[in-house]
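Chains as they are written, first to last, in this note's numbering: chain A, 1 to 349; chain B, 1001 to 1349. Shown next, in structure tokens, is the structure this report addresses.
There are 2 protein chains.
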Amino acid sequence: MASITASYPWTTAPLIAGAPMRLISGPSMVHAISSAGGIGFLAAGTDVSTLPENLSTFQSLLSASPIPGAPSDVLPIGVGFIVWGADLTLATKALSELPLPPAAVWLFAPSSSSELNSWASGIRSATKNKSKIWVQVSCIADAIDALKVAQPDVFIIQGADAGGHGRYASAGLISLIPELVDAVRLYCVTNGVGVPGFIAAGGIADERGVNAVLALGADGAALGTRFLAAEEAVIRKGYQDAVLRAVDGGNSTVRTDVYDKLRGTVGWPEGYGGRGVVNLSYADALQGISFEENEKLYKLAEGAGDKGWEEGNARMTTYAGTAVGLVKTVAKAGDIVKELRGEIVVKRI
Amino acid sequence: MASITASYPWTTAPLIAGAPMRLISGPSMVHAISSAGGIGFLAAGTDVSTLPENLSTFQSLLSASPIPGAPSDVLPIGVGFIVWGADLTLATKALSELPLPPAAVWLFAPSSSSELNSWASGIRSATKNKSKIWVQVSCIADAIDALKVAQPDVFIIQGADAGGHGRYASAGLISLIPELVDAVRLYCVTNGVGVPGFIAAGGIADERGVNAVLALGADGAALGTRFLAAEEAVIRKGYQDAVLRAVDGGNSTVRTDVYDKLRGTVGWPEGYGGRGVVNLSYADALQGISFEENEKLYKLAEGAGDKGWEEGNARMTTYAGTAVGLVKTVAKAGDIVKELRGEIVVKRI
């Protein structure tokens, strides 16, 4: 297979992707990530209605500050959809009305194989096959299923350490990447189809993580948690401070449905939970406080602004992966991309 | 810091350790691992009574087949203890009566800091400081605590993907190694003490995993699951076949206390569970079958020998990590060590 960066000619190897974090990955951040030779993903999430405006804002940023090497037939970014919750008709309409489609579309968490199939073919049709289809999976079974119904151009291999939503039953990248890459290659060779690219996500926060996933067989890395502390992230200061403060990521985060319930973001397919920093909302739920009481306290915290994330009193959701303990400074998204590629050396003990 | 292999002069970099798997890691396997330039750990586990005989058997093997480069003042292997369950008095007695102490002692799962302190000082005293103290930890808090009470020579960094026992609250190696290494280095520099070595465990099964943990900042790798399929492992064929059969390690294994309860191996400190292959014992427990009924079925399976692990009907415990899906062949333990170092090239798709 040709190097994955050849398909995204403005990018530099190893490919660094900014994950499409719902509400957080906006036009400025994706422009900064792609300008630094990565690929930023706008988050459509479950609500496609904001996508046209976000794409239009990105186009303005791109006109003001073009990205060298960007192809003439696609935008040098991607768009991410949470498949079970987003409206395919609205999504394809938004994409087909664009002067240029995004270079990639990232599909996550379909409620069924046939839904994934509809999305992959719908997007390909709406973008005249110009948008590459990236499919996020966290186990071998889902990857083989996706090969059959969606022929992904790229797999995002999501490990158990990932922040935000993912499957409860999952492995870390250390074993997941090699087993998945071997299984996908075997399927492709056996069936005479091309081998997709592999981008790893979940627990990566610095150059060491990137080098590790390359050693495991991935072609690049996708990051969410690290970009929560990007200057361009659309994020409350309280949330960002909670990310900077958290240490010991395996102890201080947990995958749960407690935060989904409190926020009312329900409807995820069975088996999915969101990893976030443990705070009073989770501790109280664990102690057996009633949902109504916990929700009341959550809404009070919500009304308190950044104080809802205050140390010791935090109740507001802080989705983050186990790499949260490695995130200690706010930086420009473009500098984060360069640090991840080893072009900016970070001083450590 | 000098290379970790300098402390174990018969070894070759990167250092490969055979984890002390209770009942499974016997004299033949540790001799084979150390003979190939790794370091094998005999498993004393919670029952020190078998240790003298196992050490004596190892000495016979060593006399018959010496290990080049082995020092004259220690045995070229280690011994592992499950601290909460083993008897320190018996352990120090066994070690002090040896003509040569083991090169390393691996301490896991103390029930308290003071217990870890007693073990580290007791072993050092019994072996006249000849046995290096390896301490297994799975979070930053435990590592800092161990630095204070046990001054480990080596940390075994245990990620969430590890088979057998470990903490429920834990991160995969992808984020755990860099965060732990940074935190330990900072502590050591701040307190003017030497930086220990770092050996990573949990989810590693082949050369790719070894290279990944080196990129993340470890000095070497410890493996359990891969050595379940070593010719020299003391293991039932049914168990070994179940390991070879399992795929999709994040889906097919789970960390739980179900198997502990069925086997009667209780007494683990709070927060620990054992990762094993999902089988009927676990599925039935999840479905809400009574413990008595599940135990009855377990004992029937136990009486059925290797059939207790039979595909589709398995009830017997198959402790294994998420890397189980990468273990597809039985091999000599020495060849496994060489494969892990990249000296034997494994053909893949």
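No residue lacks a Cβ here, since even glycine has one placed at the ideal position from N, Cα and C. Only a predicted model underlies this, so the values are computations on that prediction, with no experimental measurement involved.
Q) DSSP on Ala1320 (chain B), reduced to helix/strand/coil? A) Locating residue 1320 (chain B) in the second sequence gives position 320, where the first residue counts as 1. Correct three-state label for Ala1320 (chain B): coil.
Q. So, helix, strand or coil for Arg1167 (chain B), using DSSP?
A. Here residue 1167 (chain B) corresponds to residue number 167 of the second sequence, with the count starting at 1. In the structure shown, Arg1167 (chain B) sits in a strand (DSSP, three-state: E or B).
(Q) By the DSSP assignment, the alpha helix (DSSP H) with Arg275 (chain A) in it spans what residues? (A) What you label residue 275 (chain A) is simply residue 275 of the first sequence in a count that begins at 1. Per DSSP, Arg275 (chain A) belongs to no alpha helix (DSSP H); it is in the beta strand (DSSP E), 272-277.
Q) Using the rule of at least 16 other Cβ atoms within 10 Å of the residue's Cβ for burial, across every protein chain shown, is Asp219 (chain A) buried or exposed? A) In the first sequence, counting from the first residue as 1, residue 219 (chain A) sits at position 219. So Asp219 (chain A) ends up on the buried side.
Q.
I'd like to know if the stretch 181-201 of chain A and the stretch 1186-1201 of chain B are in contact, where contact means that at least 3 CB-CB pairs between them fall below 8 Å.
A. no
Q.
Threshold first: 3 residues or longer. Then list the beta strand (DSSP E) segments lying entirely within the stretch 1197-1235 of chain B, N to C.
A. 1197-1201, 1220-1223
Q | Start-to-end residues for the alpha helix (DSSP H) that takes in Val1184 (chain B) | A | Residue numbering aside, residue 1184 (chain B) sits at position 184 when the second sequence is read from its first letter. First-last of the alpha helix (DSSP H) with Val1184 (chain B): 1173-1191.
Q. Which runs of the beta strand (DSSP E) spanning at least 3 residues fall entirely within the stretch 1106-1144 of chain B, listed in chain order?
A. 1132-1137
**Q.** Below-7 Å beta-carbon distance, Val345 (chain A) vs any chain B residue
**A.** Numbered from its first residue, the first sequence carries residue 345 (chain A) at position 345. No, Val345 (chain A) lies away from the interface with chain B (no Cβ there is under 7 Å from its Cβ).
Q: Within 10 angstroms of the Cβ of Gly129 (chain A), are there 16 or more other Cβ atoms? Answer buried if so, exposed if not.
A: Walking along the first sequence from the start, residue 129 (chain A) turns up at place 129. Before going on, a small fix: residue 129 (chain A) reads as Asn here, not Gly. So Asn129 (chain A) counts as exposed.
Q | Arg1263 (chain B), DSSP secondary structure in three states | A | By one-based count along the second sequence, residue 1263 (chain B) stands at place 263. Here Arg1263 (chain B) sits in helix by DSSP.
Q) Are any of the Cβ atoms in chain A nearer than 7 Å to that of Ala1323 (chain B)? A) Reading the second sequence from its first residue, position 323 is the one you call residue 1323 (chain B). Closer than 7 Å to some Cβ of chain A, the Cβ of Ala1323 (chain B) qualifies, so yes.
Q: Grab me the residues of Ile67 (chain A)'s own chain with a C-beta within less than 7 Å of its C-beta, minus the 5 sequence neighbours each way, in chain order.
A: As a working note, residue 67 (chain A) is residue 67 in the first sequence. Cβ within range, chain order: Trp10, Ser34, Ser35, Pro76.
Q. Taking Cβ positions only, does Asp145 (chain A) come closer than 7 Å to chain B?
A. To locate residue 145 (chain A), count along the first sequence from 1; it is residue 145. No, because no Cβ of chain B sits closer than 7 Å to the Cβ of Asp145 (chain A).
Q) If you check the beta carbons only, do Thr225 (chain A) and Ala333 (chain A) fall under 7 Å apart? A) As a position in the first sequence, residue 225 (chain A) is number 225, starting the count at 1. As a position in the first sequence, residue 333 (chain A) is number 333, starting the count at 1. No, they are not a contact pair.
Q.
I'd like to confirm the pairing. Which residues does DSSP put opposite Gly1080 (chain B) in its beta bridges?
A. As a working mapping, residue 1080 (chain B) is identified with position 80 in the second sequence. According to DSSP, Gly1080 (chain B) bridges with B:Ala1043, B:Trp1106.
Q: Note down the Cα distance separating Leu1228 (chain B) from Val135 (chain A), rounded to an integer number of angstroms.
A: For this step, residue 1228 (chain B) is matched to residue 228 along the second sequence. For this step, residue 135 (chain A) is matched to residue 135 along the first sequence. Cα-Cα distance, rounded: 34 Å.
Q: Indicate the three-state DSSP secondary structure (helix, strand or coil) for Met1 (chain A) in the structure shown.
A: Taking the first sequence and counting its residues from 1, the one referred to as residue 1 (chain A) is at position 1. Its pLDDT being 47, under 50, Met1 (chain A) is placed unreliably by the model, and the measurement read from it follows with that caveat. Three-state DSSP puts Met1 (chain A) in coil, outside helix and strand.
Q) Since Tyr1239 (chain B) and Trp1309 (chain B) are thought to touch, with beta carbons under 8 Å apart, how far apart are those beta carbons, to the nearest angstrom? A) Numbered from 1 along the second sequence, position 239 holds the residue referred to as residue 1239 (chain B). Numbered from 1 along the second sequence, position 309 holds the residue referred to as residue 1309 (chain B). At roughly 6 Å, the Cβ-Cβ gap stays under 8 Å, so Tyr1239 (chain B) and Trp1309 (chain B) are in contact.
Q: Between the Cα of Gly425 (chain A) and those of A:Phe291, A:Ser28, A:Glu270, spot the shortest distance and give me the residue it belongs to.
A: Missing from the structure shown is residue 425 (chain A); chain A here goes from 1 to 349 and no further.
Q) Would you call the CB atoms of Gly163 (chain A) and Arg275 (chain A) closer than 7 Å? A) Working through the first sequence from its first residue, we reach residue 163 (chain A) at position 163. Working through the first sequence from its first residue, we reach residue 275 (chain A) at position 275. Closer than 7 Å, so yes.
Q: Label Ile1204 (chain B) either buried or exposed according to how many other C-beta atoms from any shown protein chain fall within 10 Å of its C-beta, with 16 as the threshold for buried.
A: On the second sequence, position 204 is the one that residue 1204 (chain B) refers to. Buried, by the Cβ-count rule.
Q) Where do the ends of the beta strand (DSSP E) carrying Gln1158 (chain B) lie? A) The residue given as residue 1158 (chain B) occupies position 158 in the second sequence. That run of the beta strand (DSSP E) goes 1154-1158.
Q) When you check each C-beta in the stretch 271-287 of chain A against every C-beta of chain B, which residues fall closer than 8 Å? A) none
Q. Ala120 (chain A) versus chain B: which residues are under 7 Å apart at the beta carbon?
A. Within the first sequence, numbered from 1, the residue matching residue 120 (chain A) stands at position 120. The premise fails here: Ala120 (chain A) is roughly 22 Å from chain B at the closest Cβ pair, so nothing lies under 7 Å.
Q. Are the C-beta atoms of Ile140 (chain A) and some chain B residue less than 7 Å apart?
A. Counting from one through the first sequence, the residue named residue 140 (chain A) turns up at place 140. Yes, Ile140 (chain A) counts as interfacial toward chain B.
Q) Should Ser1175 (chain B) be flagged as near chain A, meaning a C-beta pair shorter than 7 Å? A) In the second sequence, residue 1175 (chain B) corresponds to position 175, counting from 1. Judged by the 7 Å Cβ criterion, Ser1175 (chain B) is in contact with chain A.
Q: Could you tell me whether any Cβ in chain B is nearer than 7 Å to the Cβ of Glu179 (chain A)?
A: Here residue 179 (chain A) corresponds to residue number 179 of the first sequence, with the count starting at 1. For Glu179 (chain A), the answer is yes, since a Cβ of chain B falls inside 7 Å of its Cβ.
Q: Alpha carbon to alpha carbon, how far is Leu280 (chain A) from Arg315 (chain A)? Give it in angstroms, no decimals.
A: Walking along the first sequence from the start, residue 315 (chain A) turns up at place 315. Walking along the first sequence from the start, residue 280 (chain A) turns up at place 280. Spanning the two alpha carbons is a distance of roughly 5 Å.
Q: Flag Ser114 (chain A) as yes if its beta-carbon sits less than 7 Å from any beta-carbon of chain B, otherwise no.
A: As a working mapping, residue 114 (chain A) is identified with position 114 in the first sequence. No, Ser114 (chain A) does not count as interfacial toward chain B.
Q: With 9 Å as the limit, tell me which residues of the stretch 226-251 of chain A have their beta carbon closer than that to any beta carbon of chain B; keep them in chain order.
A: Val247, Asp248, Gly249, Gly250, Asn251
Q. Which two residues bound the contiguous alpha helix (DSSP H) that contains Val243 (chain A)?
A. On the first sequence, residue 243 (chain A) is found 243 positions in, with the first residue counted as 1. From DSSP, the alpha helix (DSSP H) with Val243 (chain A) extends over 237-245.
Q | Per-residue DSSP class, three states only, for Thr1253 (chain B) | A | Position 253 of the second sequence, counting from 1, holds the residue named residue 1253 (chain B). Three-state result, Thr1253 (chain B): strand.
Q: Report all residues from its chain with a CB closer than 6 Å to the CB of Ser1007 (chain B); omit the five preceding and five following residues, and keep chain order.
A: Within the second sequence, residue 1007 (chain B) is the residue found at index 7, counting from 1. Correct list: empty, nothing qualifies.
Q) Along the stretch 1204-1223 of chain B, what residues have a CB closer than 7 Å to any CB found in chain A? A) Ile1204, Ala1205, Asp1206, Arg1208, Gly1209, Asn1211, Ala1212, Ala1215, Leu1216, Gly1217
Q: Give me the Cβ distance between Asp1206 (chain B) and Ala141 (chain A), rounded to the nearest whole Å; I'm assuming they're in contact under 8 Å.
A: Counted from its first residue, the second sequence places residue 1206 (chain B) at position 206. Counted from its first residue, the first sequence places residue 141 (chain A) at position 141. Asp1206 (chain B) to Ala141 (chain A), Cβ: 21 Å. No contact.
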